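These notes are about the structure you will find just below.
Protein chains: 2
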Amino acid sequence: MPETPPRPDQSSAARRAGGAPSAGHVGIIGAGQLARMMLGPAIELGLPTPVLATDPAESAAAVAARVQLGRHDDEQSVRALAAEVEVITFDHEHVPAEILRRLEQEGATAVRPGPAALLHAQDKLVMRERLTALGHPCPRWWRIAAAEDLAAALSETDGRIVVKTPRGGYDAHGVRIVERADQADDWLAQHGELLAEELVPFTRELSAQVARRPGGEALTYPVVQSVQKDGVCYEVVAPAPGLDDAAQQQIRALALAIAEDLDVTGMLAVELFETADGEVLVNELAMRPHNTGHWSMDGAVTGQFEQHLRAVADLPLGSAATLAPVSVMVNLLGGAAEDLAPGARAALAADPELKLHLYGKSVRPGRKIGHVTLVGDDADDLLVRAHRAERLIIDGPEATVVPTSPGATR
Amino acid sequence: MPETPPRPDQSSAARRAGGAPSAGHVGIIGAGQLARMMLGPAIELGLPTPVLATDPAESAAAVAARVQLGRHDDEQSVRALAAEVEVITFDHEHVPAEILRRLEQEGATAVRPGPAALLHAQDKLVMRERLTALGHPCPRWWRIAAAEDLAAALSETDGRIVVKTPRGGYDAHGVRIVERADQADDWLAQHGELLAEELVPFTRELSAQVARRPGGEALTYPVVQSVQKDGVCYEVVAPAPGLDDAAQQQIRALALAIAEDLDVTGMLAVELFETADGEVLVNELAMRPHNTGHWSMDGAVTGQFEQHLRAVADLPLGSAATLAPVSVMVNLLGGAAEDLAPGARAALAADPELKLHLYGKSVRPGRKIGHVTLVGDDADDLLVRAHRAERLIIDGPEATVVPTSPGATR
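Line order of the protein sequences matches chains A and B.
Residue numbers for the first sequence follow the numbering used here, beginning at 6 and rising by one.
Residue numbers for the second sequence follow the numbering used here, beginning at 6 and rising by one.
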């Protein structure tokens, strides 16, 4: 039988009562693609999610029902969003900690993750100090307050060292490899203190994700393998190929321990280096949905965006079980094609199983403008197909020589 | 590494170029739950989808980025939406055909499905006449213009007959079982003509869905079994249990033939009666996403809402393959609990694999206010779990005696 024709609701209170499994509205600070990808699951859960955006054209702002304009580092703007909701959460980690601490102390709005946890994703020196104190595996690292500290650190290595600004970095920004002690003078002048880390001779990068509620209920996702391109996440295979059950369990336990030790709420991503002897070292932490978890939107019972909302809204967590033996994700990084439409059509036509996610962002070289996902049985086949789609979309269909894919299905 | 912090986009033209695989924006007429469930996939595809709503509190209007207020049967309102987009499509079939025919003739906006196709979902007499002429299997039926026609039809049956208003019915509305020729006088006075159909002694109801693009590319979804409750869709198992491959293929071919014969674009649902001898008869047609296809949001590579958008935007269709051997869907029909939150929390806590979809509608008895889905291997186990969730949400956790489920997983 046909569906009921529209009948307007009279009472917004009744609507809200009928609409949400949580009492709380969740405000999202920041309107990038991570906020954007929370909106679909929020609609299905009946969770209202107003977004704080600096511009109405931002990725999430362009598609959100409720947008508040303002900056994430402006206390008044953050407070205006907080006043509308019961919980605030984040698209990125750049909200000043003191604003969040004041909000948390006042107690009218829950901040999830809380500022004390979030600090470890905001400040790399704090993160290294804390993880080291907790005994979690880190690369060798040094606190650098002057060129002499860097000279001393360099003398302990093979002559090259990674220098990072403690705050404000993202993707490849705020990371530099140096060979001489004067090569970070500009950053020292600017930041006062820097983090130096040994250049880890890793064999590959892994990522482990945890979801955790305020009361402590937590679960882990399968550990994945990630490949970076110019410092930007580019390709993910879930679960990480060749990682045996014991290693999977050990790394999941490590990520869970970090989430508990730091009292994280929401999604935590632990980026890891795997070394030739099978050891893992923590690279970075992120306390929000993470690029290495995008596969879960299509490859897990509960995608990371739904899971983050469930965790910060203090709803029961959903299963992180996979829907297929392998999922792959390839990022769409801005390239030659300014209009993605022809390539996207060609990619969808070439592979009916392709899941396409576009962020509504203008194309700039290297910019994250979307991603594609495929699920199936064979990682190599899925990667060939995902990269074929990527090239069609990024280069445009005319520029793309499409290789014959061994296992592409129609 | 952390994600890029927000950077506003300067050019909305560039945003659009970068954002959508289709040139076209898709306007949705009607703002019920079907429109609502199109919004998440539209965000991922980068397809702008303004919604025509009669009230800003309607299910889809409350969560859409762009809402235009106006009635679906008011030509000016429909035209105002059409002027904003390249394609219009529908949440329901109640838009007057003459408005759509004029829009189609003018050619500035594509109407999908087109009015000539849609008429068969709007007028049950037109549908019966056409399907019969095409040779597709229907129950015995009669055109009733006067009580004498009904008397004659009754005399050809076992004394009971189904009478339907040709237009404007939905769910159980506009359907009546009569035993005497004077029992439809009121409807005859009101509608002029009625459809009478034999009371089919069906063993169960099935539903077959087709997706079809303007150029004719089409595919079918697995045939499902549906159970109604007081004339409203209540429970779906996909694929239909015990339906062998030959029957699956035969019914899929029937649905595909109807889509082609009627030149449907978008999703077509063919509701069917299965009789004791394994024959199927067409009950109703719907040309939009359909309640019997909600399982595909969680149980198929391409859910019906994404598929409908791809079809009407003339994008390549996505795979309709299933992600698990069995998917079940149970509707949440308004009951005792006015606040769904406690029951929804209990249901999510009881079953981490549960997929919850709430429509943001106030609770009224029998009203469709959401649905739950589960995917897995065993239909009986999934149904027990889905109905347990339904009872928790609809009755509230205090009122619900939760049976121990054989296969529920934590």
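Glycine residues also receive a C-beta, built at the ideal position from the N, C-alpha and C atoms.
Given the structure is predicted, the values throughout are model-derived calculations rather than measurements.
- Burial is judged here by how many other beta carbons sit within 10 angstroms of a residue's own beta carbon; Ser301 (chain A) has at least 16 and is buried.
- Under DSSP, Phe95 (chain A) forms a beta bridge with A:Ile34.
- In the three-state reduction of the DSSP assignment, Trp147 (chain A) falls in the strand class, which pools E and B.
- With contacts defined as CB atoms closer than 8 Å, Gly401 (chain A) and Ala341 (chain A) qualify as a contacting pair.
- In the DSSP assignment, Glu265 (chain B) falls within the alpha helix (DSSP H) that extends over 250-267.
- Look at Leu224 (chain B) here: in three-state DSSP terms it is strand.
- Here the alpha carbon of Asp79 (chain B) sits roughly 39 Å from the alpha carbon of Ala157 (chain B).
- At a cut-off of 8 Å between C-beta atoms, Gly45 (chain A) counts as an interface residue with respect to chain B.
- Secondary structure note for Gly381 (chain A): its beta strand (DSSP E) is the uninterrupted segment 373-381.
- Counting C-beta atoms within 10 angstroms of its own C-beta, Glu289 (chain B) has 16 or more neighbours from the protein chains shown and is therefore classed as buried.
- Taking a C-beta cut-off of 7 Å against chain A, the contacting residues of the region 300-321 of chain B are Val306, Leu320, Pro321, listed in chain order.
- DSSP links Lys360 (chain B) through a beta bridge to B:Thr378.
- Rounded to the nearest whole angstrom, the C-alpha separation of Val180 (chain B) and Ile166 (chain B) is 11 Å.
- Classified as exposed, Pro206 (chain B) has fewer than 16 neighbouring CB atoms from the shown chains inside 10 Å of its CB.
- Counted as a single uninterrupted DSSP element, the beta strand (DSSP E) harbouring Lys169 (chain B) occupies residues 166-169.
- Comparing C-alpha distances from Cys143 (chain A) to each of A:Ile149, A:Ala150, A:Glu134 shows the shortest one belongs to A:Glu134.
- Across the structure, Val335 (chain B) and Lys373 (chain B) are spaced so that their CA atoms are roughly 11 Å apart.
- Of all residues in the region 364-380 of chain A, those with a C-beta nearer than 7 Å to a C-beta of chain B are Gly365, Lys366, Ser367, Val368, Lys373, Ile374, reading in chain order.
- Between the region 318-337 of chain B and the region 234-243 of chain B, the count of C-beta pairs closer than 8 Å reaches three or more; the two stretches touch.
- With contact defined as three or more Cβ pairs closer than 8 Å, the region 302-320 of chain B and the region 83-95 of chain B are in contact.
- For the pair Leu50 (chain B) and Leu361 (chain A), the CB atoms are nearer than the 8 Å cut-off.
- The C-beta separation of His313 (chain B) from Gly271 (chain B) comes to about 5 Å, placing the pair in contact by the 8 Å criterion.
- For secondary structure counted as the alpha helix (DSSP H) over 4 or more consecutive residues, the region 65-139 of chain A holds these complete runs in sequence order: 80-89, 102-111, 120-127, 129-139.
- Just measuring C-alpha positions, the residue of A:Ala384, A:Asp385, A:Gly35, A:Asp344 sitting nearest Glu403 (chain A) is A:Asp344.
- Sequence-distant partners of Ala65 (chain A) (beyond 5 residues in either direction) whose C-beta falls short of 6 Å from its own C-beta, in its chain, are Ala36, Ala40, Arg41, Val56.
- Boundaries of the beta strand (DSSP E) harbouring Met334 (chain B): 331-338, taken from the DSSP string.
- Any Cβ of chain A closer than 8 Å to the Cβ of His362 (chain B) would place that residue at the interface, and such an atom is present.
- With respect to chain B, the C-beta atom of Ile48 (chain A) has a partner C-beta closer than 8 Å.
- Annotation for Ala291 (chain A): Ala126, Ala274 place their beta carbon closer than 6 Å to its own, counting only its chain and skipping 5 residues before and after.
- If you check the CB distance, Leu155 (chain A) and Ala186 (chain A) come in under 8 Å.
- The DSSP assignment places complete alpha helix (DSSP H) segments of no fewer than 4 residues inside the region 282-345 of chain A at 301-304, 309-317, in order along the chain.
- For Lys234 (chain A), DSSP records a beta bridge to A:Val237.
- Taking 8 Å as the cut-off, the Cβ atoms of Ala223 (chain B) and Leu261 (chain B) count as close.
- Using beta-carbon distances, Ser324 (chain B) counts as an interface residue toward chain A, with a partner under 8 Å.
- Following the DSSP letters along the chain, one finds Ala58 (chain B) inside the beta strand (DSSP E) bounded by residues 56-58.
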